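Trainee: Quick note on numbering: the sequence shown equals residues 3 to 287 in the working numbering.
Have a look at the structure that comes next, please.
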Amino acid sequence: MPLRCILVPTGPGVRPERRLAAALGLAKHTHAHINTLYVRPDLAIVAPPVLLVGAGAVPPQCNVSCEAKALAAAGKQAFERWCAGSRVALQPDRRLDATFASWTERSGDVETLVALNGRVNDLIIVDNPTKGSPFDAAAFDAAVFSSGRPTLMLGERLPDNLLRHVVIAWNGSLEGARAVGQSISLLHEAEQISIITIPSEMDRQNGVADLADYLHWHGVVVERAGLVPDIAGGDGEKVLAACERAGATLLVMGAYTHSRLRQAFLGGLTRHVLDKADLPILMAH
């Protein structure tokens with residue numbers, strides 16, 4: 003499926019410029035447009051109405067509402083400045099190859115709104131949930147677990163071209179298959195593609211050669227494929243070491259092959275990668 007609609011969620015006090023830049027870089031490759039979703043807090047939850055208001059008193063909602071409107075206006079102004087500086091059109095364009103950006107405001111729960119809007123987009127771009135704000139964590143959870151769409155999580159390092167060298171971490175899992183299948187349109191635009199895998203029983207049943215052959219039939223050429231480096235440490239450390247050695251600009255992988263609860267207590271590849279990775283990661287659950 004072509005990549006046409008990219009969702010960038012944001013909210014009060016959130017700086018989405020890096021994610022907008024990443025979205026624009028991909029949009030230029032795939033002729034996509036950028037949908038920016040600003041999530042306002044639900045005032046019924048943030049400031050429940052008071053039943054008795056003394057003379058001259060102001061209900062809490064009034065102050066919170068004014069602040070929320072001011073933050074939303076500031077966010078939209080910053081978005082418009084970014085569009086002007088990046089020479090991105092703001093008006094919607096119905097041409098299929100048009101690249102433009104839009105701004106939408108919704109009031110409610112972050113996870114609910116990101117999930118619902120994510121389902122009618124092709125890709126959701128979020129920040130690392132372990133290094134950001136509560137908004138980042140909520141947006142990440144909604145994108146990965148509730149949208150049914152691939153999620154691009156940015157790291158501290160943002161390459162000028164995310165598609166210069168894409169590395170696929172493959173273990174034959176359902177999550178890994180979804181990540182690869184949902185990234186085909188981006189893989190078509192990649193300059194170089196490598197596959198890495200960790201030795202396991204699964205590799206002998208559904209290994210790197212099978213994946214490379216599958217990609218071949220989609221017109222995607224894999225230049226290098228092999229095992230992760232044999233170094234001390236867990237699977238996550240080995241995957242990141244392989245990415246560093248390859249000069250990867252984007253890692254494609256399945257997210258949470260095991261449950262989050264199990265990974266929280268026992269550790270796991272996804273958890274380690276989230277904690278330590280500095281490169282962008284495209285993932286699916």
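Every residue, glycine too, gets a C-beta built ideally from N, C-alpha and C.
Note that the structure is a prediction, hence the values are computed from the model and not measured.
1) Bridge partners of ILE198, per DSSP?
2) With H, G and I counted as helix, E and B as strand and the rest as coil, what does DSSP make of ILE8?
3) Can you tell me which of the three DSSP states TRP105 falls into?
4) Of the residues LEU26, TYR258, ARG97, ARG108, which one's Cα is nearest the Cα of LEU176?
5) Just the C-alpha distance for GLY178 and LEU284, rounded to the nearest angstrom, thanks.
6) Along the chain, where does the beta strand (DSSP E) that runs through ARG42 open and close?
7) What first and last residue would you give for the alpha helix (DSSP H) that runs through THR272?
8) ASN37 to ILE8, Cα distance in whole Å?
9) Rounded to the nearest angstrom, how far is the Cβ of LEU160 from that of ALA23, given a contact under 8 Å?
10) At what residues does the beta strand (DSSP E) containing ILE127 begin and finish?
11) If you follow the beta strand (DSSP E) that VAL2 is in, where does it begin and where does it stop?
12) Using the three-state DSSP reduction, which class does GLU76 fall into: helix, strand or coil?
Mentor: The short version:
1) Numbered from 1 along the sequence shown, position 196 holds the residue referred to as residue 198. For ILE198, which the question treats as bridged, DSSP gives the partners ALA171, GLY228.
2) Reading the sequence shown from its first residue, position 6 is the one you call residue 8. In the structure shown, ILE8 sits in a strand (DSSP, three-state: E or B).
3) As a working mapping, residue 105 is identified with position 103 in the sequence shown. The answer is strand: DSSP assigns TRP105 an E or B state.
4) Counted from its first residue, the sequence shown places residue 176 at position 174. Nearest C-alpha to LEU176: TYR258.
5) Position 176 of the sequence shown, counted from the start, is the residue given in the question as residue 178. Position 282 of the sequence shown, counted from the start, is the residue given in the question as residue 284. Cα-Cα distance, rounded: 11 Å.
6) By one-based count along the sequence shown, residue 42 stands at place 40. Looking at the DSSP string, the run of the beta strand (DSSP E) that includes ARG42 is 35-42.
7) Here residue 272 corresponds to residue number 270 of the sequence shown, with the count starting at 1. Judged by DSSP secondary structure, THR272 falls within the alpha helix (DSSP H) whose first and last residues are 271-278.
8) What you label residue 37 is simply residue 35 of the sequence shown in a count that begins at 1. What you label residue 8 is simply residue 6 of the sequence shown in a count that begins at 1. Looking at the two C-alpha atoms, the distance is approximately 6 Å.
9) As a working note, residue 160 is residue 158 in the sequence shown. As a working note, residue 23 is residue 21 in the sequence shown. Rounded to the nearest angstrom, the Cβ distance from LEU160 to ALA23 is 7 Å, consistent with a contact under 8 Å.
10) If you number the sequence shown from 1, residue 127 lands on position 125. Element bounds for ILE127: 125-129.
11) Not covered by the structure: residue 2. The range shown for the chain is 3 to 287.
12) Translated into the one-based positions of the sequence shown, residue 76 becomes position 74. Before going on, a small fix: residue 76 reads as Ala here, not Glu. Three-state result, ALA76: helix.
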